[in-house]
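*Asks:* Below is the structure I would like to discuss, written out as structure tokens.
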Amino acid sequence: MDRRLRIRARSKLNYIVRLVALASTLLLSACISADSPMNYLHPEGPRAIQADRLWDVTFAIAAVVFVLVEGGLIFILFKYREGRKGGNVDPKQLHGHTKLELLWTAIPAVILTGIAFMTVPVIFDQARTPEDALEVEVIGHQWWWEYKYDNGVVTANELHIPVDQPVRLTLKSGDVIHSYWIPKLAGKQDVVPGRVNHMVIEATEPGTYLGQCAEYCGLSHANMRARAIAHEQADFDAWVQEQLADSANEGSAAEGKELFLTGKFAGDQACVSCHAVKGTEAAGIIGPNLTHLASRDRFAGEMFELNEENLKLWLKDPPERKPGSLMPDLGLTDDQIDDLTAYLLSLE
Ligand code: CUA
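When we follow this note's numbering, the leftmost residue of the sequence shown carries the number 47, and every step to the right adds one.
As structure tokens, this is what we get:
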């Protein structure tokens with residue numbers, strides 16, 4: 047190829063590389079903007095902050111190493127490129143240079159030892175169970191989260207916690223491998239069938255912290271969301287009392303209740319074979335416990351906002367709304383859907 051053509055082709059490639067770099071920077075910056083609710087680079091819980099500090103230091107060291115190594119590489123590539131004075135000549139061979147080899151073995155060893163000294167205590171610290179921890183069992187299901195509190199509260203998807211108290215989660219799976227992750231509060235922890243894992247999370251500010259199942263677990267993995275809602279202690283206690291009681295309004299929608307408790311639908315299926323409502327005969331354990339469904343913000347693994355319209359659309363055909371949903375299309379009539387929705391919304 048003619049030299050001039052070669053230079054032109056090279057500058058074109060250069061241009062494309064720069065464009066791709068710029069575009070990906072813009073795209074990636076969307077992932078880490080400060081106000082994104084699942085941004086683990088802006089942690090809010092003490093455990094996540096502890097891990098983030100390690101990340102900051104490791105990243106800074108890696109950035110310095112990257113700039114030095116890549117900078118040196120690029121400098122040498124340009125300085126000794128073909129056609130340049132002194133270029134395209136075999137350089138002095140350094141194979142077997144003991145001093146240099148000792149040096150570039152020692153530098154990484156020192157860096158990695160330093161990182162290990164910072165990291166290992168944090169690993170042990172995070173694995174320790176704090177004495178005053180609130181205990182909650184978290185069970186991963188395709189595709190929703192079940193929470194069982196020591197005090198008897200059973201709920202789904204929305205984990206309520208008090209602020210300034212560590213919460214020890216005991217993680218179990220009802221089917222396949224999931225991973226529990228509330229990025230602003232703590233790192234991920236796998237939820238493995240036949241195994242019991244633990245993690246501790248903590249929030250210092252009241253608020254809602256979004257989460258997501260972080261291990262591919264089937265068709266609706268992306269729809270397996272979670273949220274932790276942190277309350278001041280008094281509000282948390284009130285929430286617990288409310289959850290421990292039977293639903294206040296349960297029974298105000300009599301037709302729906304009747305249908306829920308005794309109805310048989312497509313394939314002889316009944317609501318009560320899968321769902322429980324405390325204070326009634328419904329005691330199914332396959333699907334989410336619905337005792338205080340109406341007190342939740344969202345449903346179906348946090349996929350939909352909990353309101354009349356969404357509940358009706360859901361009951362009409364769950365797998366259509368949430369791919370792979372284990373709740374089948376029950377072939378409900380519009381009247382049945384209206385009655386059942388009224389009952390579900392009465393479960394405050
Ligand atoms: Cu559960 Cu992914």
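Where is the CB? At the ideal position from N, CA and C, for every residue including glycine.
Quantities reported herein were computed from a predicted structural model and do not represent experimental measurements.
Which one of Gly240, Ala346 and Asn243 has the shortest CA to CA distance from Arg271?
*Replies:* The shortest C-alpha separation from Arg271 is found at Ala346.
*Asks:* Can you find a heavy atom of ligand 1 that lies under 7 Å from the Cβ of Gly370?
*Replies:* Every heavy atom of ligand 1 is 7 Å or more from the Cβ of Gly370, so no.
*Asks:* Can you give the beta carbon distance from Glu351 to Arg273, rounded, assuming they're within the 8 Å contact cut?
*Replies:* Not confirmed; about 12 Å, so no contact.
*Asks:* Return the residue from the list Val184, Tyr226, Ala322 and Gly377 that minimises the CA-CA distance to Lys262.
*Replies:* Note on residue identity: the sequence assigns Tyr, not Lys, to residue 262. Ranking Val184, Tyr226, Ala322 and Gly377 by Cα distance to Tyr262 puts Tyr226 first.
*Asks:* What ranges does the alpha helix (DSSP H) occupy inside the segment 87-157, keeping only unbroken runs of at least 4 residues that lie completely in it?
*Replies:* Runs of the alpha helix (DSSP H) inside the segment 87-157: 92-125.
*Asks:* So the candidates are Asp363, Lys368, Lys303 and Thr326; which of them puts its Cα closest to the Cα of Leu391?
*Replies:* Minimum Cα distance to Leu391 is reached at Lys303.
*Asks:* Using beta-carbon positions only, say whether Thr201 and Asn335 come within less than 8 Å of one another.
*Replies:* Their beta carbons are under 8 Å apart, which means Thr201 touches Asn335 by this criterion.
*Asks:* What span of residues does the alpha helix (DSSP H) with Gln279 cover, start to end?
*Replies:* Gln279 to Leu290 is the extent of the alpha helix (DSSP H) around Gln279.
*Asks:* Give the secondary structure of Thr254 by DSSP, where H, G and I count as helix, E and B as strand, and everything else as coil.
*Replies:* Of the three classes helix, strand and coil, the one that applies to Thr254 here is strand, per DSSP.
*Asks:* What separation, rounded to the nearest whole angstrom, lies between the Cα atoms of Asp375 and Leu307?
*Replies:* Near 18 Å, if we compare the C-alpha coordinates of Leu307 and Asp375.
*Asks:* Mind listing, in chain order, the continuous alpha helix (DSSP H) runs of no fewer than 4 residues lying wholly within the segment 297-330?
*Replies:* Segments of the alpha helix (DSSP H) lying fully in the segment 297-330: 300-308.
*Asks:* Do the segment 250-266 and the segment 224-241 touch if we need at least three Cβ pairs shorter than 8 Å?
*Replies:* Yes, the segment 250-266 is in contact with the segment 224-241.
*Asks:* Between Leu87, Val113, Phe112 and Val111, which has its C-alpha nearest Trp101's C-alpha?
*Replies:* Checking every option, the nearest Cα to that of Trp101 belongs to Leu87.
*Asks:* How should Met349 be labelled, buried or exposed, when 16 other C-beta atoms within 10 angstroms of its C-beta is the threshold for buried?
*Replies:* Per the 10 Å Cβ criterion, buried.
*Asks:* Applying the criterion that 16 or more other CB atoms from any shown protein chain within 10 Å of the CB defines a buried residue, is Arg214 buried or exposed?
*Replies:* Buried, because 16 or more other Cβ atoms sit within 10 Å of the Cβ of Arg214.
*Asks:* Taking just the CA atoms, how far does Met84 sit from Pro92?
*Replies:* When rounded, the distance between both Cα atoms is 16 Å.
*Asks:* Entirely within the segment 183-252 and at least 3 residues each: give me those beta strand (DSSP E) ranges in chain order.
*Replies:* Correct list: 190-195, 200-202, 204-208, 213-219, 224-226, 235-237 and 243-247.
*Asks:* Could you say which of Glu278, Ile332 and Leu290 lies nearest to Ala249 if we only look at CA atoms?
*Replies:* Among Glu278, Ile332 and Leu290, the Cα nearest to that of Ala249 belongs to Glu278.
*Asks:* Do the segment 167-177 and the segment 120-127 touch if we need at least three Cβ pairs shorter than 8 Å?
*Replies:* Touching, no, given that fewer than three Cβ pairs across the two stretches are closer than 8 Å.
*Asks:* Going by DSSP, what residues sit across from Glu351 in a beta bridge?
*Replies:* BP columns for Glu351 point to Arg344.
*Asks:* Would you identify the three-state DSSP class for Ala179, choosing helix, strand or coil?
*Replies:* Here Ala179 sits in coil by DSSP.
*Asks:* Once you ignore the five residues that flank His206 on each side, which residues in its own chain have a CB closer than 6 Å to its CB?
*Replies:* Only Ile275 and Trp285 meet the Cβ criterion.
*Asks:* If distances are taken between C-alpha atoms only, which option among Asp210, Tyr255, Asn243 and Lys218 comes closest to Pro229?
*Replies:* Ranking the options by Cα distance to Pro229, first place goes to Tyr255.
*Asks:* Is Tyr262 close to ligand 1? I mean its beta-carbon at under 7 Å from any heavy atom of the ligand.
*Replies:* Result yes, Cβ under 7 Å from ligand 1.
*Asks:* Determine which residues share a DSSP beta bridge with Arg271 and list them.
*Replies:* Arg271 pairs with Gln258.
*Asks:* For Asn197 and Tyr389, what's the separation of their Cα atoms in angstroms?
*Replies:* So the alpha carbons of these two residues sit roughly 26 Å apart.
*Asks:* Leaving out the 5 sequence neighbours to the left and right, which residues in its chain are closer than 8 Å to Leu290 when beta-carbon positions are compared?
*Replies:* Correct list, in chain order: Asn197, Gly198 and Val199.
*Asks:* Is Val209 closer than 8 Å to Gln188 when the C-beta atoms are compared?
*Replies:* No. Outside cutoff.
*Asks:* Does Trp150 pass the burial test, meaning 16 or more other C-beta atoms within 10 Å, or should it be called exposed?
*Replies:* Per the 10 Å Cβ criterion, exposed.
*Asks:* Given that a residue counts as buried once 16 or more other Cβ atoms are within 10 Å of its Cβ, and exposed if not, what is Glu327?
*Replies:* Flag for Glu327 reads exposed.
*Asks:* Would you give the residue range spanned by the alpha helix (DSSP H) that Pro334 belongs to?
*Replies:* Run containing Pro334: none; DSSP gives neither H nor E here.
*Asks:* Rounded to whole angstroms, what is the Cα-Cα separation between Ala155 and Gln172?
*Replies:* Their backbone Cα atoms lie some 25 Å apart in a straight line.
*Asks:* Does Gly186 pass the burial test, meaning 16 or more other C-beta atoms within 10 Å, or should it be called exposed?
*Replies:* Flag for Gly186 reads buried.
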